[in-house]
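In the UniProt record's numbering, the protein residues as written are 1 to 173. Ideal Cβ positions, reconstructed from N, Cα and C, are used throughout, including at glycine. The model shown is predicted, which means the values in this text are computed figures rather than measured ones. Everything below concerns the one structure shown next.
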Amino acid sequence: MAIVSIGGNDAGFEQIATDCLFALSCPPEKKAQFSANVASVGPKLTGAYAAIRQAAPNARVFTVGYLPILPPDAKGCLVGLINTQETINFLNGLQRQLNDTIVAESSKAGFTPVIPATSSDHSVCAADFQRYVSMTGAGAGDEGIPMHPTAPGRQYVAERVAIAMRSAGVQGT
1 MAIVSIGGND
11 AGFEQIATDC
21 LFALSCPPEK
31 KAQFSANVAS
41 VGPKLTGAYA
51 AIRQAAPNAR
61 VFTVGYLPIL
71 PPDAKGCLVG
81 LINTQETINF
91 LNGLQRQLND
101 TIVAESSKAG
111 FTPVIPATSS
121 DHSVCAADFQ
131 RYVSMTGAGA
141 GDEGIPMHPT
151 APGRQYVAER
161 VAIAMRSAGV
171 QGT
């Protein structure tokens, strides 16, 4: 059995955060660049998944997508103060596109995709220890890692993976 979570770095999500989320605007040329980056992830996943299948031809493989980073509406949250709703919608769209690509490529490879959907109550705008993803890494419970799952977020993802494994008939989950 293997559990794989890849694609965000290939899509340049760290740069997206720096150039759009933490900036005061997300210029059209950056939007075009990031849209192209996310669109290019599919072939990279195809190659990575093929390498996994070659290395472990009989393994049950579960691919894990990305937790929602931003709420649908960021009013009352820091990201809503420094970003327009258009930028929030654009960034949420990129993340949906990335997760959709993970599902499509996983399915083509015969892998089981696990996309951890949550409510906006656990976005970067949520209270300490309620956030599943850290914006800055500096909040209580964020563990110093910006734009990555917090401890509660990792626990939530682990639960979703365990559910998917049980549904697939994997013993001991």
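| said: So for V124, helix, strand or coil by DSSP? | reply: Here the question's residue 124 lines up with position 124 in the sequence shown. If DSSP states are grouped into helix, strand and coil, V124 belongs with coil.
| message | In the DSSP assignment, the beta strand (DSSP E) including T63 goes from what residue to what residue? | response | Position 63 of the sequence shown holds residue 63. Note, T63: beta strand (DSSP E), 61 to 64.
| message | Looking at chain B, is there any beta carbon in it that lies within less than 8 Å of the beta carbon of A117? | response | The structure shown contains no chain B; it is built from a single protein chain.
| query | Under the rule that 16 or more other beta-carbon atoms within 10 Å means buried, what is F129, buried or exposed? | reply | Position 129 of the sequence shown, counted from the first residue, corresponds to residue 129. Exposed: under 16 other Cβ atoms inside 10 Å.
| Neighbour-count burial assignment, L81, 16 or more Cβ in a 10 Å radius | If you number the sequence shown from 1, residue 81 lands on position 81. Burial call: exposed.
| Which runs of the beta strand (DSSP E) fall wholly inside the stretch 21 to 64 and span at least 3 residues, in chain order? | 61 to 64
| query | Exposed or buried, Q85, counting other C-beta atoms within 10 Å across all chains shown (16 or more means buried)? | reply | For this step, residue 85 is matched to residue 85 along the sequence shown. That one is exposed.
| query | Taking the continuous alpha helix (DSSP H) assigned at P68, which residues delimit it? | reply | In the sequence shown, counting from the first residue as 1, residue 68 sits at position 68. Per DSSP, P68 is not a residue of any alpha helix (DSSP H), being assigned neither H nor E.
| Just how far apart, CA to CA, sit P152 and G93? | Position 152 of the sequence shown, counted from the first residue, corresponds to residue 152. Position 93 of the sequence shown, counted from the first residue, corresponds to residue 93. Cα to Cα, the separation comes out at about 24 Å.
| query | Should S107 and P113 be called a contact, given that it needs their Cβ atoms to be closer than 8 Å? | reply | One-based indexing of the sequence shown puts residue 107 at position 107. One-based indexing of the sequence shown puts residue 113 at position 113. Yes, these two residues count as a Cβ contact at 8 Å.
| Cβ pair I69, Q97 closer than 8 Å | Taking the sequence shown and counting its residues from 1, one reaches residue 69 at position 69. Taking the sequence shown and counting its residues from 1, one reaches residue 97 at position 97. In this structure, Q97 does not lie closer than 8 Å to I69 by Cβ.
| message | For the stretch 49 to 65 against the stretch 1 to 17, do three or more pairs of beta-carbon atoms, one drawn from each stretch, fall closer than 8 Å, so that the two count as touching? | response | yes
| message | For P71, count the other beta carbons within 10 Å of its own beta carbon; 16 or more makes it buried, fewer makes it exposed. Which is it? | response | Indexing the sequence shown from 1 puts residue 71 at position 71. Flag for P71 reads buried.
| message | Using only the alpha-carbon positions, how far apart do P27 and R160 sit? | response | Numbered from 1 along the sequence shown, position 27 holds the residue referred to as residue 27. Numbered from 1 along the sequence shown, position 160 holds the residue referred to as residue 160. Cα-Cα distance, rounded: 36 Å.
| C-alpha distance - F34 paired with D19, whole-angstrom precision | Within the sequence shown, numbered from 1, the residue matching residue 34 stands at position 34. Within the sequence shown, numbered from 1, the residue matching residue 19 stands at position 19. Distance between the alpha carbons of F34 and D19 is about 10 Å.
| Could you give the distance in angstroms between the alpha-carbon of V79 and the alpha-carbon of M165? | By 1-based counting over the sequence shown, the position of residue 79 is 79. By 1-based counting over the sequence shown, the position of residue 165 is 165. The alpha-carbon atoms of V79 and M165 are separated by roughly 35 Å.
| said: Which residue wins for smallest C-alpha separation from Y66, given the options G47, G76, A56, D100? | reply: Walking along the sequence shown from the start, residue 66 turns up at place 66. Closest option to Y66, Cα to Cα, is D100.
| I115 lies in the beta strand (DSSP E); which residues open and close that run? | To locate residue 115, count along the sequence shown from 1; it is residue 115. It is not in any beta strand (DSSP E) - I115 carries neither H nor E in the DSSP assignment.
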